[in-house]
DNA sequence: TGGTATAGTATGAAAAAAGGTACTGTAACG
DNA sequence: CGTTACAGTACCTTTTTTCATACTATACCA
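Residue numbers (the numbering used here), protein chains in the order written: chain V, 51 to 169; chain U, 51 to 169.
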């Protein structure tokens, strides 16, 4: 935690969102349906078991995600978004939209550059 | 850049914001006044020259920040937020607010824990 | 003449994040 | 009887990010 209170708030918020896979995990869980460990794995094709576990544990620790173990064999564990986690929804939505516009902007710019290069 | 388009959008947005000092740099520049390199350094007491340079270059590359060099000696360089950079303002504002609430929430929880421990 | 301020760059080290592979136990399926 | 699915853990390596320190050139001030 930083000393500077303003930074501290950014850091606290970003820690919850940042991590190579966290936004996607939250995004999928925000769809509403609880998801099992391997369902999430299939939704995030390139994630390793290790990274999925680590990120889920962090999200759980911050009470953004809830983990429910069904004592069965083979095991069943369901992850779902918490009420508190839902409060992140507008932020993720804004990020998603801004990101889409940003990608499009870059794409257009590159297209323009290629255009002038072939002139 | 990821293949998954949804992730890609999050990544694009977060790349612009994330970095240990980026939100703070943007935050200060969003106050409106252009700032010189060393003014920013003084506002971010713990940043190294190297990190400030690197982050400013990245922000410049994404056209979120504008860099103006005044050919003087000793040198004078002014950094300011671009119009495009201003479009990040609502996101940073949301992050800032959510972060503040998150910090407060944790604080209360810890206080509660200490309370029950001494019971 | 020596110190200060400006805006950096260069180099190497340390820390943090992410990835890769192998392994666990049990049940159901074929 | 071998394979698959489940939800992980253990261990080690690689990549990325950040940090620390020294260095540059020039002008001004005392």
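Glycine residues also receive a C-beta, built at the ideal position from the N, C-alpha and C atoms.
Against chain U, which members of the segment 73-89 of chain V pass a CB distance test of less than 8 Å? Within the segment 73-89 of chain V, 73, 74, 77 place their CB atoms closer than 8 Å to a CB of chain U, listed in sequence order.
Go ahead and pull the three-state DSSP assignment for residue 126 of chain V. DSSP places residue 126 of chain V within a strand segment (E or B) once states are collapsed to three.
Under the three-state reduction of DSSP, which class applies to residue 116 of chain U: helix, strand or coil? The answer is strand: DSSP assigns residue 116 of chain U an E or B state.
Please check if any C-beta of chain U sits within less than 9 Å of the C-beta of residue 152 of chain V. Look at residue 152 of chain V: its C-beta is under 9 Å from a C-beta on chain U.
In chain order, each alpha helix (DSSP H) run of at least 4 residues that lies wholly inside the segment 131-165 of chain V: 133-136, all fully within the segment 131-165 of chain V.
Could you check what DSSP says for residue 80 of chain U in three-state terms: helix, strand or coil? Coil.
Looking at the structure shown, is residue 65 of chain V part of a helix, part of a strand, or coil, going by DSSP? Of the three classes helix, strand and coil, the one that applies to residue 65 of chain V here is helix, per DSSP.
Kindly indicate the opening and closing residues of the alpha helix (DSSP H) around residue 106 of chain U. Note, residue 106 of chain U: alpha helix (DSSP H), 99-111.
In the DSSP assignment, find the unbroken alpha helix (DSSP H) run with residue 88 of chain V in it and report its ends. In the DSSP annotation of this structure, the continuous segment of the alpha helix (DSSP H) that includes residue 88 of chain V starts and ends at 87-93.
Beta carbons nearer than 9 Å to chain V: which residues of the segment 127-151 of chain U have them? Listed in sequence order: 134, 137, 138, 140, 141, 142, 144, 145, 146, 147, 148, 149, 150, 151.
Under three-state DSSP, which class holds residue 121 of chain V? Here DSSP, grouped into helix, strand and coil, assigns residue 121 of chain V to coil.
Measure how close the beta-carbons of residue 77 of chain V and residue 56 of chain U come, nearest whole angstrom, since I'm counting them as under 8 Å. Taking the Cβ atoms as the reference, residue 77 of chain V lies roughly 7 Å from residue 56 of chain U, within the contact range of under 8 Å.
Min CB distance residue 161 of chain V to chain U below 9 Å: No Cβ of chain U is located within less than 9 Å of the beta carbon of residue 161 of chain V.
Round the Cβ separation of residue 94 of chain V and residue 129 of chain V to the nearest angstrom and send it over; I've been treating them as touching at under 8 Å. About 12 Å separates the beta carbons of residue 94 of chain V and residue 129 of chain V, which is beyond the 8 Å limit, so they are not a contact pair.
Can you tell me whether residue 70 of chain U is helix, strand or coil according to DSSP? In this structure, residue 70 of chain U counts as coil in the three-state DSSP scheme.
Residues in the same chain with beta-carbon distance under 8 Å from residue 114 of chain V, minus the five sequence neighbours each way, listed in chain order, please. For residue 114 of chain V, where only same-chain residues beyond five positions count, the Cβ hits under 8 Å are 66, 76, 131, 132, 134, 135, 138.
Between which residues of its own chain and residue 69 of chain V is the CB-CB distance below 6 Å, once the five residues before and five after are set aside? The beta carbon of residue 69 of chain V sits closer than 6 Å to those of 105, all from its chain and outside the five residues before and after it, given in chain order.
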